[in-house]
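Quick note on numbering: my numbering labels position 22 of the sequence shown as 25, and the sequence is numbered without any gaps.
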Amino acid sequence: MVERFNRTLIAQLKKYTPDDPDNWERYLPYTVFAYNATPHTAMRHLPFSLLRGYEPCITFDYDCARRLTLPLNYNTYQHILTQAQFKMHEKIKANLDAAAAVSKEYFD
Numbered sequence: 004m005v006e007r008f009n010r011t012l013i014a015q016l017k018k019y020t021p022d023d024p025d026n027w028e029r030y031l032p033y034t035v036f037a038y039n040a041t042p043h044t045a046m047r048h049l050p051f052s053l054l055r056g057y058e059p060c061i062t063f064d065y066d067c068a069r070r071l072t073l074p075l076n077y078n079t080y081q082h083i084l085t086q087a088q089f090k091m092h093e094k095i096k097a098n099l100d101a102a103a104a105v106s107k108e109y110f111d
């Protein structure tokens with residue numbers, strides 16, 4: 004899995020830096036953010052939201068500020084976040100099982 008990510012990352016960096024490949028590190032944070040803000044094929048979720056429990060706020064997303072309203076206290080926020088991550092993990096497991104079944108059928 005790491006090798007696949009590295010391959011994807013290198014391919015994306017090459018697209019950003021065709022004229023100046025020596026300054027690839029300048030584009031690294033943006034490239035990683037773009038990868039994390041793109042739905043994963045098998046999981047059908049954003050890696051960003053899997054890690055943090057909410058969708059990324061992108062500068063051209065005008066409704067972003069409305070979605071980032073926090074609950075009144077920490078315990079409520081923790082409960083909401085934990086429940087959302089638990090539901091997301093259940094969905095991801097189902098999506099990965101479905102993707103594995105498709106792969107098995109394809110390769111058998």
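Backbone N, C-alpha and C define an ideal beta-carbon position, used for all residues, glycine too.
C-alpha gap between residue i and residue j, whole angstroms
{"i": "Y109", "j": "R7", "result": "20 Å"}
{"i": "N9", "j": "A102", "result": "22 Å"}
{"i": "Y19", "j": "T34", "result": "9 Å"}
{"i": "S52", "j": "M46", "result": "12 Å"}
{"i": "E58", "j": "P50", "result": "10 Å"}
Three-state secondary structure (DSSP) of residue i
{"i": "N76", "result": "coil"}
{"i": "H48", "result": "coil"}
{"i": "I61", "result": "coil"}
{"i": "P24", "result": "helix"}
{"i": "H92", "result": "helix"}
{"i": "Y30", "result": "coil"}
{"i": "A40", "result": "coil"}
{"i": "D111", "result": "coil"}
C-beta atoms of residue i and residue j nearer than 8 Å
{"i": "H48", "j": "M91", "result": "yes"}
Closer than 7 Å: residue i CB and nearest the ligand SAM heavy atom
{"i": "Q86", "result": "Among the components modelled here there is no ligand, and therefore nothing to report on the ligand SAM."}
Is it a yes or a no for the segment 79-91 touching the segment 8-28, going by three-plus beta-carbon pairs under 8 Å? No: the two stretches stay apart, fewer than three of their Cβ pairs being nearer than 8 Å.
Taking contact to mean at least 3 C-beta pairs separated by less than 8 Å, is the segment 84-93 in contact with the segment 29-39? No: fewer than three Cβ pairs fall under 8 Å.
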